[in-house]
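Residue numbers (numbering that gives the first Met the number 0), protein chains in the order written: chain V, 0 to 342; chain E, 0 to 342. Virtual Cβ for every residue (Gly too), placed ideally from N, Cα, C. Predicted, not measured: the structure shown is a model, and the values here were computed from it.
Number of protein chains: 2
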Amino acid sequence: MAKRFIEVLKGKRLAPPPWWLMRQAGRYLPEYRELRNRAKNFLDFCYRPELAVEASLQPVRRFGMDAAILFSDILVIPDALGQRLEFREGEGPVLEPIASDRDFARLKPENLHRRLAPVYEAVRRLAGGIPAEVALIGFAGAPWTVAVYMVEGQGGGARTKIRDWFRRRPADGETLLALLADATIEHLSRQIASGAEAVQLFDSWAGGLDDDEFRRFVIAPTRRIVARLKERHPGVPVIGFPREAGARYPEFARETGVDAVGLDGAIVPSWAVREIGACAALQGNLDNRVLVAGGERLAGEARRVLEGFRARPHVFNLGHGVLPETPPEHVALLAQIIRAWKD
Amino acid sequence: MAKRFIEVLKGKRLAPPPWWLMRQAGRYLPEYRELRNRAKNFLDFCYRPELAVEASLQPVRRFGMDAAILFSDILVIPDALGQRLEFREGEGPVLEPIASDRDFARLKPENLHRRLAPVYEAVRRLAGGIPAEVALIGFAGAPWTVAVYMVEGQGGGARTKIRDWFRRRPADGETLLALLADATIEHLSRQIASGAEAVQLFDSWAGGLDDDEFRRFVIAPTRRIVARLKERHPGVPVIGFPREAGARYPEFARETGVDAVGLDGAIVPSWAVREIGACAALQGNLDNRVLVAGGERLAGEARRVLEGFRARPHVFNLGHGVLPETPPEHVALLAQIIRAWKD
Numbered sequence: 000m001a002k003r004f005i006e007v008l009k010g011k012r013l014a015p016p017p018w019w020l021m022r023q024a025g026r027y028l029p030e031y032r033e034l035r036n037r038a039k040n041f042l043d044f045c046y047r048p049e050l051a052v053e054a055s056l057q058p059v060r061r062f063g064m065d066a067a068i069l070f071s072d073i074l075v076i077p078d079a080l081g082q083r084l085e086f087r088e089g090e091g092p093v094l095e096p097i098a099s100d101r102d103f104a105r106l107k108p109e110n111l112h113r114r115l116a117p118v119y120e121a122v123r124r125l126a127g128g129i130p131a132e133v134a135l136i137g138f139a140g141a142p143w144t145v146a147v148y149m150v151e152g153q154g155g156g157a158r159t160k161i162r163d164w165f166r167r168r169p170a171d172g173e174t175l176l177a178l179l180a181d182a183t184i185e186h187l188s189r190q191i192a193s194g195a196e197a198v199q200l201f202d203s204w205a206g207g208l209d210d211d212e213f214r215r216f217v218i219a220p221t222r223r224i225v226a227r228l229k230e231r232h233p234g235v236p237v238i239g240f241p242r243e244a245g246a247r248y249p250e251f252a253r254e255t256g257v258d259a260v261g262l263d264g265a266i267v268p269s270w271a272v273r274e275i276g277a278c279a280a281l282q283g284n285l286d287n288r289v290l291v292a293g294g295e296r297l298a299g300e301a302r303r304v305l306e307g308f309r310a311r312p313h314v315f316n317l318g319h320g321v322l323p324e325t326p327p328e329h330v331a332l333l334a335q336i337i338r339a340w341k342d
Numbered sequence: 000m001a002k003r004f005i006e007v008l009k010g011k012r013l014a015p016p017p018w019w020l021m022r023q024a025g026r027y028l029p030e031y032r033e034l035r036n037r038a039k040n041f042l043d044f045c046y047r048p049e050l051a052v053e054a055s056l057q058p059v060r061r062f063g064m065d066a067a068i069l070f071s072d073i074l075v076i077p078d079a080l081g082q083r084l085e086f087r088e089g090e091g092p093v094l095e096p097i098a099s100d101r102d103f104a105r106l107k108p109e110n111l112h113r114r115l116a117p118v119y120e121a122v123r124r125l126a127g128g129i130p131a132e133v134a135l136i137g138f139a140g141a142p143w144t145v146a147v148y149m150v151e152g153q154g155g156g157a158r159t160k161i162r163d164w165f166r167r168r169p170a171d172g173e174t175l176l177a178l179l180a181d182a183t184i185e186h187l188s189r190q191i192a193s194g195a196e197a198v199q200l201f202d203s204w205a206g207g208l209d210d211d212e213f214r215r216f217v218i219a220p221t222r223r224i225v226a227r228l229k230e231r232h233p234g235v236p237v238i239g240f241p242r243e244a245g246a247r248y249p250e251f252a253r254e255t256g257v258d259a260v261g262l263d264g265a266i267v268p269s270w271a272v273r274e275i276g277a278c279a280a281l282q283g284n285l286d287n288r289v290l291v292a293g294g295e296r297l298a299g300e301a302r303r304v305l306e307g308f309r310a311r312p313h314v315f316n317l318g319h320g321v322l323p324e325t326p327p328e329h330v331a332l333l334a335q336i337i338r339a340w341k342d
């Protein structure tokens, strides 16, 4: 039996739509926090298959999503390349930024698969243990977003260091993006070989670029990754999530060859249906703060999202990850609303 | 100044739309027939740069199309690979079909660029001699269509030999398509390096395949070619023309990453606008027999096409090549109608 989530990614319209939530495995769940306490630190959590498997399955067990996403982090790639990296409680990731040719030369792509072996082991166990109707999603950060962390030392902010660096030394910038694209291809390809049925590329820092930068840093590496994955694994869908791409979403969908695009909360569903819907399946885009609010507001907004995307293949999701302060019972309410939806 | 044809391929809507016609350089023009008589045979015509350049420019000089397409043939690739090939007057191309491993082993991809050097010379001269506002289109046959000619020995027909062969010996089929995809990448890449500003892939025999065959024989090789060309030549648009793809056109547009799709005469414009228009620019699709008919019928149908595609980026063209019996004055009338069109 085809899984509903995969069917939609391949272009079928289903009502109600399949659903999952970004960061569905996370701190809003008490059983996650309990699990988290068993790991020394966040990277240890990611690299212990028994913990990663359990974290991936917790939300599916509670709420019955149509897909489980591997519990991992986009920064396992810089970590596996040898960059020093720490997750500080309440602060997010902090990396020793790449600043010189020497830092650059120290990156070791050849260690990737060895360091990431526990991730593939988690995927293998998940593929064996997941309910039959639930799909398994693998993922990675897109090269640009990972490069931002590697050069800035952290996410967010104005990204002035990396944009300066790419302007002053464009060849080095391209080399870094190409190295990351190749590492991402290998990482996702290994996840697929281990049992992932679809993969998502998170490009969290795709906003705030100019046209030319968006093409070179976001579209070009994504296109390369999609093309290589499709050669190696025909039929395995790829979801692109260029967060805050705004008016550039249609170009992203047209030019990269992704099967689906993740839409952030700023995107109006009817516009996406018209401008992207023929090009790719649409995933999104309930405001994550509405899920914190709950009640009538959640019910109304969730129906607006369901209604807005009904004309095209749609995977219900948030526009951004589940916030830690989200009451789990609001997710249960959302599950009810989605399941009760009729076209 | 950006050329109108290229602007539309990059996603801009223009009224009136830019236009050119498939086989605009051809037997319907007396000056073409005169030129043709100066060549020993059709391949000699293709391989003599001064003749190919003149044939490419003739229609543009007469009718002022927005693009000139290189005068050449999709079968220069099998010819350059060493397959015996003859163009018989009134009969079309006849090839010594590939039937055995020995035939297969005799194909010599390493000779490609040497044999095709006159084609690139023609592109170089055209790029230098074309009017400033006219774009230059390079082209090649898509791997599946070229494979049909190579295995069947001719075009058209039920393609039973090749489908049997691909079913009995799938690995050989894939190898042939991969060899042709690589040759096509090299051939188009060299045309672009020589001055072609956009390229079109003709997949004339894309019809009549089942879903799985369409994906493996049409979509997969096209995706590979598009991805490689876009890596080597960012910003150079690729047009795909999977003739008779019917209901599979949207999947083709979504999955291959082409910038524009050529639509055959069977496609209803409003459907294409809705199902493909957000994904790729649309090119087509006036019935070539209407161009033979001329008069009110031509005027009415041409306006129906202009009107039908107005909502999306559109390049006016036929749904199939200009027929030899087309009166040149009908093409002049069409030019007038297109130029007078207001949105």
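- Contact check for V225 of chain V and V235 of chain V: beta-carbon distance about 11 Å, past the 8 Å limit, so the pair fails to qualify.
- In the three-state reduction of the DSSP assignment, H319 of chain E falls in the coil class, being assigned neither a helical nor a strand state.
- Taking a C-beta cut-off of 8 Å against chain E, the contacting residues of the stretch 244-257 of chain V are P249, E250, A252, R253, E254, T255 and G256, listed in chain order.
- The Cβ atoms of A298 of chain V and I337 of chain V do not sit closer than 8 Å to each other.
- Taking one beta carbon from each stretch, the stretch 280-296 of chain V and the stretch 265-275 of chain E have fewer than 3 pairs nearer than 8 Å; the two do not touch.
- Sixteen is the threshold: when 16 or more other Cβ atoms of the shown chains lie within 10 Å of the Cβ of N284 of chain V, as they do, the residue is buried.
- Unbroken alpha helix (DSSP H) runs of no fewer than 4 residues, entirely contained in the stretch 162-238 of chain E, are found at 169-192 and 219-231, following chain order.
- Considering only E:P58, E:E250 and E:W143, the residue with the shortest C-alpha distance to L200 of chain E is E:W143.
- Close to I275 of chain E, with beta-carbon spacing below 7 Å, are these residues of chain V in chain order: A277.
- Check the Cα spacing between L333 of chain V and each of V:A310, V:L290, V:E306 and V:V321: the tightest is with V:L290.
- Within chain V, no C-beta atom comes nearer than 9 Å to that of R309 of chain E; the closest sits roughly 15 Å away.
- Close CB contacts of D72 of chain E within its chain, under the 6 Å cut and outside five residues either way in sequence, are with C45 (chain order).
- In this structure, E:G137 is the residue among E:L84, E:G137 and E:R35 with its C-alpha nearest to the C-alpha of I68 of chain E.
- Within 7 Å of the CB of K11 of chain V, no CB atom of chain E is found; the nearest one sits about 12 Å away.
- The beta-carbon separation of F70 of chain E and S55 of chain E, rounded to 4 Å, stays under the 8 Å limit for a contact.
- Scanning the stretch 129-160 of chain E for uninterrupted beta strand (DSSP E) segments of 3 residues or longer gives 134-140, listed from N- to C-terminal end.
- Taking 8 Å as the threshold, the shortest C-beta distance from P96 of chain E to chain V does not fall below it.
- The alpha-carbon of I97 of chain V is positioned some 45 Å away from that of V122 of chain E.
- By the rule that beta-carbons nearer than 8 Å mark a contact, K107 of chain V does not touch chain E.
- Q282 of chain E: member of the beta strand (DSSP E) spanning A280 to L285, first to last residue.
- If you look at P48 of chain E, you'll find it in the alpha helix (DSSP H) that goes P48 to F62.
- Residue contact with chain V for A205 of chain E: absent (no Cβ-Cβ distance below 8 Å to any residue of chain V).
- For A259 of chain E, the enclosing beta strand (DSSP E) begins and ends at A259 to G261.
- A contact between stretches requires three or more CB pairs, one per stretch, nearer than 8 Å, and the stretch 79-93 of chain E fails this requirement with the stretch 11-30 of chain E.
- Distance from the CA of I5 of chain E to the CA of L228 of chain E, rounded to the nearest whole angstrom, comes to 16 Å.
- Against chain E, the beta carbon of R166 of chain V has no neighbour under 8 Å; the closest one sits roughly 18 Å away.
- Under the three-state reduction of DSSP output, G127 of chain V falls in the helix class.
- The CB of A226 of chain E comes closer than 9 Å to the CB of R222, R223, V225, A226, R227, K229, E230 and G256 in chain V, given here in chain order.
- In the structure shown, E300 of chain E adopts helical secondary structure according to DSSP, grouped into three states.
- Comparing alpha carbon positions, the residue from E:G261, E:V52 and E:A280 closest to G320 of chain E is E:G261.
- Not a single C-beta of chain E is nearer than 8 Å to the C-beta of A301 of chain V.
- Here F70 of chain V carries a coil assignment [DSSP, helix/strand/coil].
- Restricting attention to E:E95, E:A197, E:L28 and E:A339, the CA atom closest to the CA of Y148 of chain E is found in E:E95.
- Beyond the five residues adjoining it in sequence on each side, R22 of chain V comes within less than 7 Å, by CB distance, of G320 and V321 in the same chain, given in chain order.
- Rounded to the nearest angstrom, the gap between the Cα atoms of L317 of chain V and F240 of chain V is 12 Å.
- Put simply, the CB of A170 of chain V is far from chain E, with every gap to its CB atoms at 8 Å or more.
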